[in-house]
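Student: In case it helps, mature numbering (1 follows the signal peptide of the UniProt record, and there is no 0) puts the sequence shown at residues -31 to -1, 1 to 338. Sharing a structure, written as structure tokens. Questions coming.
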Amino acid sequence: MKKKTIMMMKLGAVGCAAMIGVSAASMPVNAMASAPTATNAAVSTNVHAAVPIVAGVKVEEKVLTTDSKNLTVNIKVPQLTGMQDARYQDELNDIILSHAQKDLAQWEKDAAETAKKAQANHLEFHPYDLYITYKLKSDGTGSPAGVLSLEVITEGSEGGTSMPRIDTYNVKNTSEAERVTLEDLLGANYKEKLDADILAQMKQDPDKYFFEDYKGTFTEQSFYIENGELVIVFPKYSIAAGYVGSPEFRFSLKNDPSPETKPNDVKPEAAVKLDLKKVTAYTGVHGVRMVSLRDVAQQLSYELKWDAATKSAELKKDAQWTRVSLGKDSYFFAKMAPKTLGAAPMLQNNKLYVPIQFVTDILNVQVQD
């Protein structure tokens, strides 16, 4: 098998887990590629009380343009309509639009800087390209009942091979909407079997994949629901050759399940306090105070894991968990609605920093100077 080509790609701030995955726009040809299988696999799922049938969620399209002569864009940003929880809908739409606007601004800046350097060195400059498309994979009227699933693809090119970023959003459309996780769909002990099932599909076409790079799924694994199937998505180049695109692995969801509703979802402990004197901090743009995520995690006894492939960090303590992504102003705790805090996680002197509001608003921890 040919060795993996190392790709360097500038892509602005992205989420969720997010993290977490949308209608009518077509995607770039090389944006997505499904892993072929003889038949779709089946996975066991949790079966719960049916969600009342409601009208399907729809998508309105917001088009972003640019005045830059150095950048060609085709940006269609999805904005959800018809959710039962209007507040959650507004917050999610704001995050999706904010990500697109930040990506556009970053690509305009990068293209202008490169064009200026090319002119100074009497070199020809070819405009950069930025495409943002989407597809509503499930509007909430299919199976599992009440689950809407949205996929947003952000793909930029500097004249060579592009690398799409795929953000997926899976939400239970109820009066109090909440994110849907793999654990909700497959149960608490899903990971070992799911990882093995994905590996089995990879082995059906071994020349495509980099088995040494496959580390299994993680808590905030990208996935979406489509036609009663669970589709696990990996980034382009992460476990397969570039021609495969972004590898997908499909599994049939049995028994028409609805996502699990947990009456006692874990919430942060408000009684805990963070001593800022023991935390490395600096003041970022717009006066936002940024604190070292590692220092915060150590002081609050969270386990911190860095995922180099997704440029994200996971914090976990018992059943409490959250995840932050580099350059992505989108924060959540457990299944709370994602929200923006005015600044994305940033790297400074090889340390990851987050806004101080991450401690107070997301972890719900008091801060003392």
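All C-beta atoms, glycine included, are put in the ideal place defined by N, C-alpha and C.
Looking at C-beta atoms only, is the number of pairs between the segment 64 to 71 and the segment 127 to 134 that lie closer than 8 angstroms three or more?
Tutor: The segment 64 to 71, when compared against the segment 127 to 134, does not touch it at the 8 angstroms Cβ threshold.
Student: Report all residues from its chain with a CB closer than 6 angstroms to the CB of Ser281; omit the five preceding and five following residues, and keep chain order.
Tutor: Within the sequence shown, residue 281 is the residue found at index 312, counting from 1. Cβ within range, chain order: Arg292 and Ser294.
Student: Figure out for me which residue from Tyr97, Lys106, Ile64 and Arg148 has the closest Cα to the Cα of Gln75.
Tutor: By one-based count along the sequence shown, residue 75 stands at place 106. Taking only the C-alpha atoms, the option nearest Gln75 is Tyr97.
Student: In terms of residues, what are the limits of the alpha helix (DSSP H) holding Glu120?
Tutor: Residue mapping note: residue 120 aligns to position 151 of the sequence shown, counting from 1. Where Glu120 is concerned, there is no enclosing alpha helix (DSSP H), although the beta strand (DSSP E) it sits in stretches over Val116 to Ser126.
Student: Report the residue ranges of all beta strand (DSSP E) runs contained in full by the segment 27 to 74; include only those spanning at least 3 residues, in chain order.
Tutor: Runs found: 27 to 33 and 40 to 50.
Student: Starting from residue 339, follow its DSSP beta bridges and name the residues at the other end.
Tutor: Residue 339 lies beyond the range of the chain shown here (-31 to 338); nothing can be said about it.
Student: In three-state DSSP terms, what is Tyr206?
Tutor: Against the sequence shown, residue 206 aligns to sequence position 237. Residue state, collapsed to three classes: coil.
Student: Just checking my contact of Gln53 with Ser144 at CB under 8 angstroms: how many whole Å lie between their CB atoms?
Tutor: The residue you call residue 53 lines up with position 84 of the sequence shown. The residue you call residue 144 lines up with position 175 of the sequence shown. With 8 angstroms as the limit, Gln53 and Ser144 qualify as a contact, their Cβ atoms being about 5 angstroms apart.
Student: Can you tell me whether Gln326 is buried or exposed, with buried defined as 16 or more other CB within 10 angstroms of its CB?
Tutor: Sequence index remark: in the sequence shown, residue 326 carries index 357 (1-based). Buried.
Student: Are the beta-carbon atoms of Leu245 and Val323 separated by less than 7 angstroms?
Tutor: The residue you call residue 245 lines up with position 276 of the sequence shown. The residue you call residue 323 lines up with position 354 of the sequence shown. No, Cβ-Cβ distance for Leu245 and Val323 is not below 7 angstroms.
Student: Please state the DSSP three-state secondary structure of Leu269.
Tutor: As a first step, residue 269 must be located in the sequence shown, where it is residue number 300. Of the three classes helix, strand and coil, the one that applies to Leu269 here is coil, per DSSP.
Student: Cutting at 6 angstroms between CB atoms, please list the residues of its own chain near Gln335, excluding the five before and the five after it.
Tutor: The sequence position of residue 335 within the sequence shown is 366, counting from 1. The residues are Lys242.
Student: Can you have a look at Asp92 and say buried or exposed, based on whether 16 or more other CB atoms are within 10 angstroms of its CB?
Tutor: Walking along the sequence shown from the start, residue 92 turns up at place 123. The sequence given here has Leu at residue 92, not Asp. Exposed is the call here.
Student: Work out the CA separation of Leu316 and Ala89 for me, nearest whole Å.
Tutor: Looking up residue 89 in the sequence shown gives position 120. Looking up residue 316 in the sequence shown gives position 347. Their backbone Cα atoms lie some 30 angstroms apart in a straight line.
Student: Does the beta-carbon of Glu30 have 16 or more other beta-carbons within 10 angstroms, so that it is buried, or is it exposed?
Tutor: Locating residue 30 in the sequence shown gives position 61, counting from the first residue. Exposed, by the Cβ-count rule.
Student: In whole angstroms, give me the CA-to-CA distance for Pro314 and Gly296.
Tutor: Taking the first residue of the sequence shown as position 1, residue 314 is located at position 345. Taking the first residue of the sequence shown as position 1, residue 296 is located at position 327. Computed Cα separation, rounded: 5 angstroms.
Student: Decide yes or no for the touch test of the segment 145 to 162 against the segment 171 to 179: beta carbon pairs closer than 8 angstroms, at least 3 of them.
Tutor: These segments do not touch.
Student: Which one or two residues does DSSP pair with Thr150 in a beta bridge?
Tutor: Reading the sequence shown from its first residue, position 181 is the one you call residue 150. For Thr150, which the question treats as bridged, DSSP gives no partner whatsoever.
Student: Mapping DSSP to helix, strand and coil, what is Leu163?
Tutor: Stepping through the sequence shown from its first residue, residue 163 is reached at position 194. Looking at Leu163 - three-state DSSP - the assignment turns out to be helix.
Student: May I ask you to report which of helix, strand or coil DSSP gives Asp276?
Tutor: Walking along the sequence shown from the start, residue 276 turns up at place 307. In this structure, Asp276 counts as strand in the three-state DSSP scheme.
Student: Could you tell me the boundaries of the beta strand (DSSP E) in which Ser191 lies?
Tutor: Mapped onto the sequence shown, residue 191 falls at position 222. It is not in any beta strand (DSSP E) - Ser191 carries neither H nor E in the DSSP assignment.
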